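Novice: Below are the structure tokens for one structure; questions will follow.
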Amino acid sequence: ATACGGTTKNDVKDEGGSSASAGKADPNAELKKGLTVGFLPKQVNNPYFTSADKGGEAALKELGSSYKEVGPSSATDTSSQVSYVNTLTQQQVDAMAVSAQDPGALCTALKQAMKNGIKVVTYDSDTKADCRNAFVSQASAEDLGRTEVQLLAEQIGYKGEIAILSAAQTATNQNIWIDYMKEELKDPKYKDIKLVKVAYGNDDAQQSFQQTQGLLQEYPKLKGIISPTTVGIKAAAQYLSGSKYKGKVKLTGLGTPNDMRKYVKNGTVEAFELWDPAKLGELAARTSVALVSGQITGKEGETFKAGDMGTYTIGKDGVISLGKPTVFDKKNIDQFNF
Amino acid sequence: MTHRSDTGPAPVLALKDISKSFGAVRALRDVSLELFPGEVHALAGENGAGKSTLIKTLAGVHRPDAGQVLLDGEPTVFHGPADARDAGIAVIYQEPTLFPDLSIAENIFMGRQPRRALGRIDHKATHAATAALMQRLGVELDPDRPARGLSIADQQIVEIAKALSFDARVLIMDEPTAALTGSEVARLFGVVRTLREQGAAVLFISHRLEEIFQICQRVTTLRDGAWISSEPLDGMTEDDLVRRMVGRDLDELYPKQEVQAGEVAMSVRRLTREGVFTDVSFEVRRGEIVGLAGLVGAGRTEVARAVFGVDRWDAGEVEVDGKALTNGAPSTAMAAGLALVPEDRRAQGLVMDMSIERNIGLTGLRTTVKAGLMDRGAERSRSLDWAVKLQVKYARIADTVSTLSGGNQQKVVLAKWLATAPKVLIVDEPTRGIDVGTKAEVHRLLSQLAADGVAVLMISSDLPEILGMADRVLVMHEGRLTAEIPRSEATEESVMAAATGRAAA
Amino acid sequence: MTVTAPNPAPAAEIPKSSGTRLVDRVFKMRELAILVVFLVMIAITQAGNSEFLSEQGIKDLLLNATILVLVATGQSLVVITRNVDLSVGSTLGISAFAAGTYLQGGGNSVVAIALAVLLGVGFGLLNGLLVSLGQVPALVVTLGTLYIIRGIDSIWVGSRQITAADLPGGFVDFGSGGISAVPYLALIALAVLVATAYYLKHFGSGRELYALGSNPEAARLAGIPVRKRILAAYTFCGGLAGLAGAMYLARFGNVDSGTGNGYELTVVSAVVVGGVVFTGGSGSVYGAALGALLLTSINSVLPALGVSSVWVLAINGILLILAIAVDRVVALRVASALKKRNARHG
Amino acid sequence: MADSPLARAVRWDTVVGALLIVVLLLSFGFVGGFGNALNLSFLIGNTLPIALIALPMTLLVVSGEIDLSVASTAGLSGAVMGALWNQGMTIETIIPLCLLLGAVCGLINGLLVTRLGLPSLAVTIGTLAAYRGIAQIILGSDAVTDFPTQYLDFAAGRIGDTFIPYALLPFLVLLAIAVVVLHATPFGRSLFAIGASEEAARFAGIRVKRQKLILFTVTGLMAALTGVFWALHYASARYDNATGLELAVIAAVLLGGIDFDGGKGTLGGAIAGVFLLGALQNVMSLVNVSAQSQIVVTGVLLVVSVLGPRVGRQISVARAGRRAAASTPTS
Ligand SMILES: Nc1ncnc2c1ncn2[C@@H]1O[C@H](COP(=O)(O)OP(=O)(O)OP(=O)(O)O)[C@@H](O)[C@H]1O
Ligand SMILES: Nc1ncnc2c1ncn2[C@@H]1O[C@H](COP(=O)(O)OP(=O)(O)OP(=O)(O)O)[C@@H](O)[C@H]1O
Ligand SMILES: [Mg+2]
Ligand SMILES: [Mg+2]
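Protein chains in written order, with our numbering: chain A, 8 to 345; chain B, 1423 to 1927; chain C, 11 to 356; chain D, 6 to 336.
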């Protein structure tokens, strides 16, 4: 406590920072069968999470374990996500794969789950590191941020004003990516590119729509937009394709091939990228099983074999990275269906 | 039962052995009634006798539990007010039922507006027809004015206009005159006579017995939901009628006790509310009953409202017991010992969805308290005391007041305010809709209160009441006090002269 | 006999109708106030950003407002009858998806729109039946059906979504196309709006909606078929929500199980800002439409002025309060001025 | 009492209470994982924010008003808490400041409603956006999580191994206060009168505006308290904390039989409604009912909650009618 008896931020030492891991890993341990792994996405009924979880389901089936999915119907209903963590704990699943709506809010519940012997893997969206055993990351944040800038820069010929249309202002992933985008933009080869604004569409079609309109009105000379969110890019593409800016203002970012097919074909969008969400889910499932089986504990440097996907190494803070994202354009987009 | 035996015209509308209960309350028991064309029929009875229930049964609002409604001799079932309307029955209900957001014209013609091609409303014709009706009733009401904010009297006028606009065969009026003063009543009666001559059947309810004798030919009396008699009024006296209604002889209607007026209890000085009343000054002394008379819309109610604090005044001051009241603060007025029995009991006097007990208790929230909490025992006995004292007719004290008859609701309002033991009591139309028996009771009570040293300001449109009860009569005309007349000089002529502004010169 | 105030001022002779015309004007002014706020806002934005009122800009403004105008029009009818329909967002969502599913299978655009409207009518009927026959508080019932329809929608839709690629090109082009700066969708909304307003003013059943909202008990006594009218209002509201669903599909080309989520609050705001009173009986659909235009335009104005989206929400809320407060203060001022002018005495 | 036992039995708040007990008993018996202390403590802990706001909301609704901005006020107080904590202020100063801020938010609502005479629905839709927006401006994208553990433990922990969260105890005290205020004080009595007929209440000398102002202020205060609790309970202060909570509160309060026309309802019913919804959601998740179906169930419950009493009333009226008819010949 401080001199005047109160508790301030400085009094609270952050014990976090390292992933919660205990015991010793046995890389050669047999993969257990008959486990139950619960998937808890940010939101059920969200196409992105549905394909991710489908990937997890398929992998678990192959591994002889069972899959279940629970989750809130709203992506901002944190309290209900917490309840679902509790539900899974009560149902005594062996492991849970969670995409956290909030890095902090789930912690108490997740720690409670781990105390009850449940392994916790986060995927897509992480919590604080000490609240889970491992985090399966869709791609390294750095890769994502930098490649998106590279994609757009190429399309606009390394010259002109650009803007970013993000999700919610609190969206953890997007914020990290945007930081890396700004980092990448510092490179001298982008000296003629100016990032004029970061707008937030709150992952809402209509708001993203109007934010796009606003960007174009405010910056008539705008050359390109990066939207690192599937909802945002879709809304922006729909607006551009029905406006006079179609084809003149370039758009890239993260989108699913199914969402974006039309806009790629009609010339609104040249190229965008994304990882395969099914693969992300699969890796989360495989990581969970490996954790329960004792092949890994979540410490940096441990490795495990994730079926056909190959071998993965656990990085700093228990982060496992899926790999580089795929870039979609006119040529290859018809080969994908998600 | 003795019905008319001669072979006159057949009744247009008749009730035969009608019974109606509300839960355990039996409002009507085997009541019969016949309405003949070209005749005005009075319906008399104490408060809660079942008059309004009878009317609502005729109008298709209530379905009788037993008995028949006969239209032109044929048994009929009215499934709703619309059926009765289509059968040529126009009804003025006891409580005005207007649409506050709509214009007076729309209120009158709702559902039956004159049409143009394609079923579109002819707004011009509606306006013109309304203006014509207003002229017929001799009132100046703008047809395009919204009904919100109309005084009770004006609302009543609109209701009357509405009923007249039907050109109905049967006109039923439940206390249409309760809020009106002499001149409007005279106008109304003129119109009713014309209708009668044209062959309409009229059913008329009033607690002002002289009105019954003025306009009606026959009278049916009810007591406690039961039919007592139906007979011609020719040859009857008021006392006869009262005996049929009450079942006994009545004491004096205006039992005024002579009291020596004490010191000033309330003084109002140069009170002004812009556009409503101007420069109103008067005093009320302890033990005194001061009458406040005037035509409808003269501003009496507005003065009372401002004095009590529900409206703000723009200039002037009010003192109660030598203490100045705060502008626009009823709670301080109450604390100073002022009570106001408002004019509109349903909107202002009562919380209709609350029980009788709680309604009376509402003015005692500060007194029936123990250690900061409600003292329910004290609250109940206070409410019961006063409900009994004023002879409110109810089944259980915890029933909601909305189930009471109009007159009994009025008594609850009185009870609610008398229970505060006020030093100054303002009563606005205190006996509106109250039967003769109870009226006498209320007068006795006011008189007693005055004798006990309470200062009473009585606003009333019932001139005999003012003349019978007041020690002093103040008269308002168009927002100004025009006269102050001592009891000895107060006559119908002198008051009316001041009220119409004729005395001003 | 003592005369206390011997000289009453002769009652000023004011011709009766002058007050009326003033009253009329005040009522028109209620909408005028919002219109002025709107125009001022647009003017300021235009001054700050000349691109704002370009052809594209105007088109965007109108397009943004269209869907809300439609739903708000329907909602006003219900609110005028002293009820409310909170389920419009859910209805919009589910009918948009229904129309989308049908179009995805290669359906005809007109039939798709009819389908959406019909579905909306169906849900409107359900609400109307519950409220009018059950005679239960509309707020609770429609909050209930909000959840029920939303739930059914998400169970049915699951994680599916309909994207512009699944829709016929003509349909999507119709959604963003128009005659120079005036989008087709806005024309449809305008037609619906004008027709509704005309109906409310000039037809008996329209006036009866006001009557029964103003005093339900009196309406019953006046022989107005209360239940039938309430049912009709809800059905109409549902139908417009359905139509709005089809338009949403055309406009955004993109629907999933979350479409229309939380829309009821926006609709209610538009109606309230537009001066339709929640206790029933007063207000006009033009007001509601202006409210809708004002609300959606705020969302375009702020980004166009370069206000950071962080500030948008707060400014939005404050503007909303300002709009209703200004409206109220103006109304009070005028009313008291009128009262003084109109006073019979003094 | 005045009400017959039958009439009282069909009063909806009693029904909700009974329903809650039935749901609890059935769940104890048949739903695995429900009865254990940990689950119950979670259930209570997650329901507390709704219950906390439901207390003043019930009073407000009884008096005929509504406050839709409660969730935003909670969010704002959480955001301010996070921002001040980041500034290095002591938590012991921050919390009272947050509560004060909440009271000010409520006061603003109240002033707009009582002084300008604006409808509370409209005002609080506006402040719903405004307060949330200010929260966003203040805290932006931050998520503050490092509050002192003793506070976090208090907000999220439970007493030993029992099912009782620490936070339940202060809630019960607040509940008791609210019950007494609404049902046993002159203030509460006057709220019913105001809700049923504001004009009649004014004519009875009740200081309508002042009472409402107090209520709005207290509602803001309680919303802020909820915001503080939320941030600590979930160890996360973000500007979008508690988004949408107002709808949950209103649904629960409605379910508890509070009439939004004002003048009717009991706190017991409201709180029973809150916990009924909470328990049902918990049970349904445990038995793997999907989130979508849970929404449908909530909706159906709401519709039934208003249709139910009406049907009950009709039955009791019909019975009374029959009884009266039966007694007619005797008198
Ligand atoms: N809706 C109702 N529910 C229960 N009781 C009712 C209802 N309406 C009337 N009553 C009861 O029926 C009886 C007759 O009431 P009614 O209104 O017909 O009296 P009334 O003769 O019109 O009296 P008043 O002269 O006071 O208007 C009263 O005891 C009243 O309490
Ligand atoms: N609540 C109100 N709002 C607006 N105007 C009102 C209101 N009440 C009355 N008025 C108007 O104010 C004027 C004065 O009415 P007030 O009721 O004071 O007259 P009064 O002398 O008491 O007559 P009475 O009580 O017989 O109607 C009337 O023209 C009336 O229309
Ligand atoms: Mg009567
Ligand atoms: Mg009066």
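For each residue, glycine too, the CB sits at the ideal point set by N, CA and C. Given the structure is predicted, the values throughout are model-derived calculations rather than measurements.
Cβ closer than 9 angstroms: which chain A residues qualify as neighbours of LEU230 (chain D)?
Specialist: None at all; the shortest Cβ gap to chain A is about 16 angstroms.
Novice: Using a Cβ cut-off of 8 angstroms (strictly closer), state whether PRO227 (chain A) contacts chain C.
Specialist: Chain C, which has a Cβ nearer than 8 angstroms to the Cβ of PRO227 (chain A), makes this yes.
Novice: Is it the case that the CB of LYS1838 (chain B) approaches a heavy atom of ligand 3 more closely than 7 angstroms?
Specialist: No, ligand 3 has no heavy atom inside 7 angstroms of this Cβ.
Novice: Please go through the region 254-336 of chain D and give each complete beta strand (DSSP E) segment of 3 or more residues, from N-terminal end onward.
Specialist: None, since the region 254-336 of chain D contains no complete beta strand (DSSP E) of that length.
Novice: Compare the Cα-Cα distances from MET1667 (chain B) to each of B:ALA1809, B:GLY1859, B:ALA1720 and report the closest residue.
Specialist: Measuring from the Cα of MET1667 (chain B), the nearest candidate turns out to be B:GLY1859.
Novice: So ARG217 (chain C) contacts chain F; which residues on that side make the cut at Cβ distance below 8 angstroms?
Specialist: Among the protein chains of the structure shown, namely A, B, C and D, there is no chain F.
Novice: In chain order, what are the residue ranges of uninterrupted alpha helix (DSSP H) at least 4 long that sit wholly in the region 1427-1462 of chain B?
Specialist: With a minimum length of 4 residues, no continuous alpha helix (DSSP H) run stays inside the region 1427-1462 of chain B.
Novice: Applying the 10 Å Cβ sphere with the 16-neighbour rule, what's the burial state of LYS1937 (chain B)?
Specialist: There is no way to answer for residue 1937 (chain B), as the model of chain B reaches only from 1423 to 1927.
Novice: Starting from SER80 (chain A), find everything on chain C with Cβ-Cβ shorter than 7 angstroms and list it in chain order.
Specialist: Near SER80 (chain A) (Cβ distances below 7 angstroms), the residues of chain C are SER164.
Novice: Could you please tell me which residues of the region 107-118 of chain A, in chain order, have their CB closer than 7 angstroms to any CB of chain D?
Specialist: Result list: ASP109, PRO110, GLY111, ALA112, CYS114, THR115.
Novice: Going along the chain, which unbroken runs of the beta strand (DSSP E) with 3 or more residues stay wholly within the region 142-221 of chain C?
Specialist: Runs found: none.
Novice: Among C:ILE158, C:LEU210, C:ALA122, which has the Cα closest to the Cα of ALA361 (chain C)?
Specialist: No information on residue 361 (chain C) is available, as it lies outside the stretch 11 to 356 that chain C covers here.
Novice: Anything in the region 175-209 of chain A with a Cβ closer than 7 angstroms to a Cβ of chain C? List those residues in chain order, please.
Specialist: From the region 175-209 of chain A, only GLN176, ALA206, TYR207 have a Cβ closer than 7 angstroms to chain C.
Novice: Where the beta carbon is closer than 5 angstroms to any heavy atom of ligand 1, which residues qualify, in chain order?
Specialist: The set, ordered by position in the chain, is B:PHE1444, B:VAL1447, B:ALA1449, B:ASN1469, B:GLY1470, B:ALA1471, B:GLY1472, B:LYS1473, B:SER1474, B:THR1475, B:THR1825, B:LEU1826, B:SER1827, B:GLY1828, B:GLY1829.
Novice: Counting only C-beta atoms, is ASN44 (chain D) closer than 8 angstroms to chain A at any point?
Specialist: Answer yes: the Cβ-Cβ gap between ASN44 (chain D) and chain A drops below 8 angstroms somewhere.
Novice: Ligand 3 and GLN1516 (chain B): does the residue's C-beta get closer than 7 angstroms to at least one heavy atom of that ligand?
Specialist: Because some heavy atom of ligand 3 lies under 7 angstroms away, the Cβ of GLN1516 (chain B) counts as near it: yes.
Novice: From SER125 (chain D) to CYS110 (chain D), what distance separates their C-alpha atoms?
Specialist: The straight-line gap from Cα to Cα measures roughly 14 angstroms.
Novice: Please confirm whether SER190 (chain C) has its beta-carbon closer than 8 angstroms to some beta-carbon of chain A.
Specialist: No, its Cβ sits nowhere closer than 8 angstroms to a Cβ of chain A.
Novice: Which of helix, strand or coil does DSSP assign to VAL1561 (chain B)?
Specialist: DSSP places VAL1561 (chain B) in coil when its eight states are reduced to three.
Novice: Could you compute how far the alpha carbon of GLY1612 (chain B) sits from the alpha carbon of ALA1464 (chain B)?
Specialist: Taking the straight line joining both Cα atoms gives about 16 angstroms.
Novice: What residue does the beta strand (DSSP E) around PRO1654 (chain B) start on, and which one ends it?
Specialist: Taken as a continuous stretch (DSSP letters only), the beta strand (DSSP E) holding PRO1654 (chain B) covers 1648-1654.
Novice: Let's test the definition: count the other Cβ atoms within 10 Å of the Cβ of LEU250 (chain D) and tell me whether it reaches 16, buried, or not, exposed.
Specialist: With 16 or more Cβ atoms within 10 Å of its Cβ, LEU250 (chain D) is classed as buried.
Novice: Are GLU65 (chain C) and ALA191 (chain C) touching if we call contact CB-CB under 8 angstroms?
Specialist: Contact flag set, yes.
Novice: Output the boundary residues of the beta strand (DSSP E) element that contains GLN1490 (chain B).
Specialist: Segment 1488-1493, the beta strand (DSSP E) holding GLN1490 (chain B).
Novice: Just how far apart, CA to CA, sit LEU45 (chain D) and GLY283 (chain D)?
Specialist: So the two alpha carbons sit approximately 11 angstroms from each other.
Novice: Please determine, among C:LEU303, C:ALA221, C:TYR208, C:SER86, the residue with the shortest C-alpha to C-alpha distance to ALA1569 (chain B).
Specialist: Closest option to ALA1569 (chain B), Cα to Cα, is C:ALA221.
Novice: Relative to the C-alpha of GLU274 (chain C), which residue among C:VAL295, C:LEU49, C:ALA207, C:GLY248 is closest?
Specialist: For the residues C:VAL295, C:LEU49, C:ALA207, C:GLY248, the minimum Cα distance to GLU274 (chain C) belongs to C:GLY248.
Novice: Find the nearest neighbour of ALA254 (chain C) within the set C:PHE181, C:ILE123, C:LYS69, judged by alpha-carbon distance.
Specialist: Residue C:ILE123 is the option with its Cα nearest to ALA254 (chain C).
Novice: So, at 6 angstroms on beta carbons, what are the nonlocal neighbours of GLN1535 (chain B) in its own chain, with the 5 sequence-adjacent residues on each side left out?
Specialist: Cβ neighbours of GLN1535 (chain B) beyond the five flanking positions: ILE1543, THR1548.
Novice: Taking 8 angstroms as the threshold (C-beta atoms), are GLU155 (chain A) and ILE233 (chain A) in contact?
Specialist: Closer than 8 angstroms, so yes.
Novice: Would you identify the three-state DSSP class for THR154 (chain A), choosing helix, strand or coil?
Specialist: Of the three classes helix, strand and coil, the one that applies to THR154 (chain A) here is helix, per DSSP.
Novice: Taking 7 angstroms as the cut-off, does the CB of ASP1857 (chain B) come closer than this to any heavy atom belonging to ligand 3?
Specialist: Not under cutoff, so the answer is no.
Novice: Can you look up MET11 (chain C) in the DSSP assignment and give me helix, strand or coil?
Specialist: For MET11 (chain C), the predicted model reports a pLDDT of 41, less than 50, meaning its position is unreliable and no value from the coordinates is stated.
Novice: What does DSSP give as the partner residue(s) for ALA160 (chain D) in the beta ladder?
Specialist: Paired residue(s): none; ALA160 (chain D) is not in a bridge.
Novice: If you reduce the DSSP assignment to three classes, tell me which class THR1498 (chain B) lands in.
Specialist: Strand at THR1498 (chain B).
Novice: Would you give the residue range spanned by the beta strand (DSSP E) that GLY248 (chain C) belongs to?
Specialist: Counting along the chain, GLY248 (chain C) falls outside any beta strand (DSSP E), though it belongs to the alpha helix (DSSP H) covering 236-262.
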